[in-house]
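Residue numbers for the sequence shown follow my numbering, so the first one is 221 and each next one is one higher. Quick reminder that beta carbons are idealized off the backbone N, C-alpha and C, glycines included. Keep in mind the model is a prediction, meaning the values are calculated, not measured. Data block below; observations after.
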Amino acid sequence: MTYGKFAYLYDELMKDVPYDKWVELVTKLVTKYNVQGKRVLDLACGTGKLSIKLAEEGYDVTGVDLSADMLTVAQSKASSKGLDMQFYQQNMAELEGLGQFDLIGIFCDSLNYLESEPEVLATFRNVNDHLIKGGIFIFDVHSIYKIMQVFMNQTFTLNEEEISYIWHSYQGEFPNSVEHDLSFFVLDQNTGQYDRYDELHLQRTYPIEVYEAWLKEAGFEVLEVAADFEAVSPKAHSERIFFICRKI
Numbered sequence: 221m222t223y224g225k226f227a228y229l230y231d232e233l234m235k236d237v238p239y240d241k242w243v244e245l246v247t248k249l250v251t252k253y254n255v256q257g258k259r260v261l262d263l264a265c266g267t268g269k270l271s272i273k274l275a276e277e278g279y280d281v282t283g284v285d286l287s288a289d290m291l292t293v294a295q296s297k298a299s300s301k302g303l304d305m306q307f308y309q310q311n312m313a314e315l316e317g318l319g320q321f322d323l324i325g326i327f328c329d330s331l332n333y334l335e336s337e338p339e340v341l342a343t344f345r346n347v348n349d350h351l352i353k354g355g356i357f358i359f360d361v362h363s364i365y366k367i368m369q370v371f372m373n374q375t376f377t378l379n380e381e382e383i384s385y386i387w388h389s390y391q392g393e394f395p396n397s398v399e400h401d402l403s404f405f406v407l408d409q410n411t412g413q414y415d416r417y418d419e420l421h422l423q424r425t426y427p428i429e430v431y432e433a434w435l436k437e438a439g440f441e442v443l444e445v446a447a448d449f450e451a452v453s454p455k456a457h458s459e460r461i462f463f464i465c466r467k468i
């Protein structure tokens, strides 16, 4: 999955995403599980919004993303804030050579962009390889309910002066998967006309017990499974599932 033009629209489109809640979650879990070090690896970091927020909280953050365009935006934002941060272009299913970290996160349902079961398991193994013993792994995914009931066969729209979109979601090729067909219309400040950009994004999720089995196979102890930024177990209508794990 690459993002192309979407990388340069991402922050505007995602301005209502609750990044501060992810920062609060990380801070709470660092204290709860007595994480001593500050080395954090943010996988699928995108334009670096969350990476930068974590760095501003005092963490030593390294960002990784598959999209060169996303990383260009992330590096520019970090530099503009005077932050000395490292960003690397890698596929999280083929992660290598980044050293050891105290905490690794895959936030904002980024894991759902992996299209196959072997890719998810490979990612878990790669995360394990890059964690210190006892290190913490946090990630969140869309629930099956959200993929199949909230997204499926729905159309979402945005109509603002400088940017608009039409977003169709429909059944993907695999079970519990969805394809997002997006068309963006962006105002060209020089011509006063709107340019159109099209993107296709694929997401796939799995039952909680499947994730748990893969995590154990990859060498993790599953500490918590929670839902929707709350310290509660997932329910039938939960939309975002959080996994908090420790390297054995």
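Report the rounded CA-to-CA distance for residue i versus residue j, giving the unit in angstroms.
i	j	result
S299	I272	10 Å
K353	I468	6 Å
G224	L323	Here G224 scores only 49 on pLDDT, less than 50, and its place in the model is too uncertain to base an answer on.
G317	N346	10 Å
M368	W387	16 Å
G439	V406	46 Å
L251	L245	Looking at the sequence provided, one finds Thr at residue 251 rather than Leu. One C-alpha to the other measures close to 10 Å.
N396	S296	36 Å
G266	M234	11 Å
T282	N348	16 Å
F307	A294	8 Å
T222	Y365	No answer about T222 holds up, because its pLDDT of 44 lies below 50 and its placement is not dependable.
F449	A456	15 Å
N410	A447	45 Å
Q310	M372	30 Å
S287	M305	17 Å
V340	E441	17 Å
E337	L378	33 Å
K301	D285	20 Å
So, for residue i: in the same chain, excluding its five sequence neighbours on each side, which residues have a beta-carbon less than 7 Å away from its beta-carbon?
i	result
R428	Sequence inspection shows Ile at residue 428; the Arg mentioned does not correspond to that position. Closer than 7 Å at Cβ, skipping near neighbours: V445, P454 and I461.
D360	F327, D329, R460, I461 and F462
A275	V281, L303 and M305
E335	L422 and R424
E232	I383
Could you tell me the boundaries of the beta strand (DSSP E) in which residue i lies?
i	result
S397	S397 to L407
K269	Not the beta strand (DSSP E): K269 falls in the alpha helix (DSSP H), residues K269 to E276.
K467	R460 to K467
Kindly list the residues whose CB is nearer than 6 Å to the CB of residue i, restricted to its own chain and excluding five residues on each side of it in sequence; keep chain order.
i	result
A451	none
T343	M312 and A313
Going by CA-CA distance only, name the one from the options that's closest to residue i.
i	options	result
F376	Y365, S403 and F394	S403
M290	H457, T282, M305 and A264	A264
Q391	V370, E382 and S384	V370
L229	D285, E277, Y385 and M305	Y385
E399	E277, D285, K301 and Y333	Y333
L422	E432, Q413, S389 and A447	S389
W242	E441, V284, M305 and I358	I358
Below 8 Å on the Cβ atoms is my contact criterion, and I expect residue i with residue j to pass it. Report the Cβ-Cβ distance as a whole number of Å.
i	j	result
L526	I464	Since the first and last residues shown for the chain are 221 and 468, residue 526 lies out of range.
T425	S363	7 Å
Y239	L270	5 Å
V255	I383	The pair is not a contact, with the Cβ atoms about 39 Å apart (cut-off 8 Å).
R416	Y253	Actually they are not in contact, since the Cβ atoms of R416 and Y253 sit about 47 Å apart, beyond 8 Å.
Y279	K248	That pair is no contact at about 14 Å.
Terminal residues of the continuous alpha helix (DSSP H) containing residue i?
i	result
T343	E337 to D349
V430	I428 to E437
Y239	Y239 to K252
L443	Careful: L443 lies outside any alpha helix (DSSP H), inside the beta strand (DSSP E) at F440 to A447.
Residues in the same chain with beta-carbon distance under 8 Å from residue i, minus the five sequence neighbours each way, listed in chain order, please.
i	result
H350	L261, L315, L318, G319, Q320, F321 and I324
E381	L407
Is there a Cβ from chain B that is less than 8 Å from the Cβ of residue i?
i	result
L351	Reference to chain B is not applicable here, since this structure consists of a single protein chain.
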